[in-house]
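Taking it in order: structure first as structure tokens, then the write-up.
2 protein chains.
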Amino acid sequence: MIEFATPPADKKSLEEGLTFSPRFDAAGLVTAVVTDAGDGTVLMVAHMNAEALALTLETGVAHYWSRSRNTLWKKGETSGNFQHVVDVRTDCDQDALWLRVKVAGHDATCHTGRRSCFYRTVVAAGGRVRLASDGSEPQFDAQKLSK
Amino acid sequence: MIEFATPPADKKSLEEGLTFSPRFDAAGLVTAVVTDAGDGTVLMVAHMNAEALALTLETGVAHYWSRSRNTLWKKGETSGNFQHVVDVRTDCDQDALWLRVKVAGHDATCHTGRRSCFYRTVVAAGGRVRLASDGSEPQFDAQKLSK
Chain A
220 MIEFATPPAD KKSLEEGLTF SPRFDAAGLV TAVVTDAGDG TVLMVAHMNA EALALTLETG
280 VAHYWSRSRN TLWKKGETSG NFQHVVDVRT DCDQDALWLR VKVAGHDATC HTGRRSCFYR
340 TVVAAGGRVR LASDGSEPQF DAQKLSK
Chain B
220 MIEFATPPAD KKSLEEGLTF SPRFDAAGLV TAVVTDAGDG TVLMVAHMNA EALALTLETG
280 VAHYWSRSRN TLWKKGETSG NFQHVVDVRT DCDQDALWLR VKVAGHDATC HTGRRSCFYR
340 TVVAAGGRVR LASDGSEPQF DAQKLSK
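Chain order of the listed sequences is A and B.
Read in order, the letters of the first sequence are residues 220 to 366 in the working numbering.
Read in order, the letters of the second sequence are residues 220 to 366 in the working numbering.
As structure tokens, then:
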């Protein structure tokens with residue numbers, strides 16, 4: 220299993236160096252933003268612990284840490300909608316990752332069956348705020364699959 | 220100031236409804252992913268409290284909560300690189316936001332002066348991992364500006 224370096228105390232090394240030293244938070248997690256490698260749509264925001272990150276890098280298939288189920292989570296294991304990783308980037312202070320992926324199966328990432336988790340727009344007017352659907356529909360019947 | 224609804228206990232309302240009820244975490248924050256409205260590049264990952272989110276929606280210019288400085292942060296106030304918000308989306312369980320923005324000034328979002336904070340790729344091979352620069356250079360001398 221890949222092991223990760225301890226983040227350096229020196230800010231310049233962290234930001235300008237070429238040592239990968241992800242800054243896991245107090246819960247042992249980094250934030251991962253996942254976009255479609257084809258058109259750049261943001262598909263989801265998830266979290267990874269060291270094991271999920273190592274498995275993702277070793278297998279080329281995205282793994283996460285499920286905070287709701289408190290378990291390692293190979294995305295697509297139930298639905299077949301695996302995420303094949305095209306590349307992984309880290310940000311300046313190495314506490315966030317950006318994965319560009321190609322989604323297999325139904326091309327659906329959201330557990331609601333939709334392609335992206337971001338299917339509602341926030342609309343503010345006259346001091347009030349509401350959501351508007353972008354019209355995207357489930358690509359498959361996610362309820363038929365056990366979670 | 221815009222006020223936000225309390226998240227419903229009912230999962231279906233949260234995920235399929237049109238009431239915006241952001242799920243701020245224990246620190247009062249939601250995660251915000253920021254992409255360039257033109258080409259979809261992920262520019263940064265940041266955090267917003269209720270005030271930053273309300274100001275963003277009311278003014279159309281992105282505001283965040285700086286966890287390192289523990290203060291409200293109008294992005295670009297020092298550098299002139301304001302983020303003009305094209306749209307804001309929320310995800311299925313309303314604990315993350317996706318902002319599409321047009322960046323003013325030097326078209327640079329990262330405090331290092333680069334366009335995006337994600338300027339390094341994670342490269343894994345033979346059980347080892349390192350970073351590779353994508354070659355992006357600072358768009359301006361960020362060091363000349365006081366932080």
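Where a beta carbon is used, it is the ideal one built from N, C-alpha and C, also for glycine.
- For D310/B, at least one C-beta of chain A is nearer than 8 Å to its own C-beta.
- Not flagged as an interface residue toward chain A: A256/B, since no C-beta distance is shorter than 8 Å.
- Between the region 248-256 of chain B and the region 313-323 of chain B there are three or more C-beta pairs closer than 8 Å, enough to call the two in contact.
- With fewer than 16 other beta carbons inside 10 angstroms of its own, K231/B counts as exposed.
- Under a 10 Å Cβ-count criterion, S335/B is classified as buried, with 16 or more other Cβ atoms of the shown protein chains found around its own Cβ.
- Looking at the DSSP output, S298/A sits in no beta bridge, so it has no partner there.
- The C-beta of V264/A comes closer than 8 Å to at least one C-beta of chain B.
- Interface criterion not met: the Cβ of L274/B is under 8 Å from no Cβ in chain A.
- Sequence-distant partners of W317/B (beyond 5 residues in either direction) whose C-beta falls short of 6 Å from its own C-beta, in its chain, are V252 and R308.
- Contact with chain B is found for D306/A, since one of that chain's Cβ atoms lies less than 8 Å from the residue's Cβ.
- When Cβ-Cβ separations below 8 Å define contact, F239/B makes contact with chain A.
- Just so you know, the alpha carbons of S285/B and H266/B end up roughly 7 Å apart.
- Contact annotation, I221/A with A273/A: C-beta distance approximately 4 Å; criterion of less than 8 Å satisfied.
- For P241/A, the closest alpha carbon among the candidates G345/A, R333/A and C311/A is that of C311/A.
- Residues are counted here when their Cβ sits less than 9 Å from a Cβ of chain B; for the region 349-364 of chain A these are R349, L350, A351, S352 and D353, given in chain order.
- Nearest to T238/B by alpha-carbon distance, out of V348/A, N300/A, F301/A and A344/A, is V348/A.
- Annotated as distal: L291/B and A269/B, with beta-carbon spacing of 8 Å or more.
- T278/A: not part of any beta strand (DSSP E); member of the alpha helix (DSSP H) spanning A269 to T278, first to last residue.
- For the region 277-292 of chain A, residues whose beta-carbon sits nearer than 8 Å to a beta-carbon of chain B comprise E277.
- For chain B, the residues of the region 315-328 of chain A that bring a beta carbon within less than 7 Å of one of its beta carbons are A315 and W317, in chain order.
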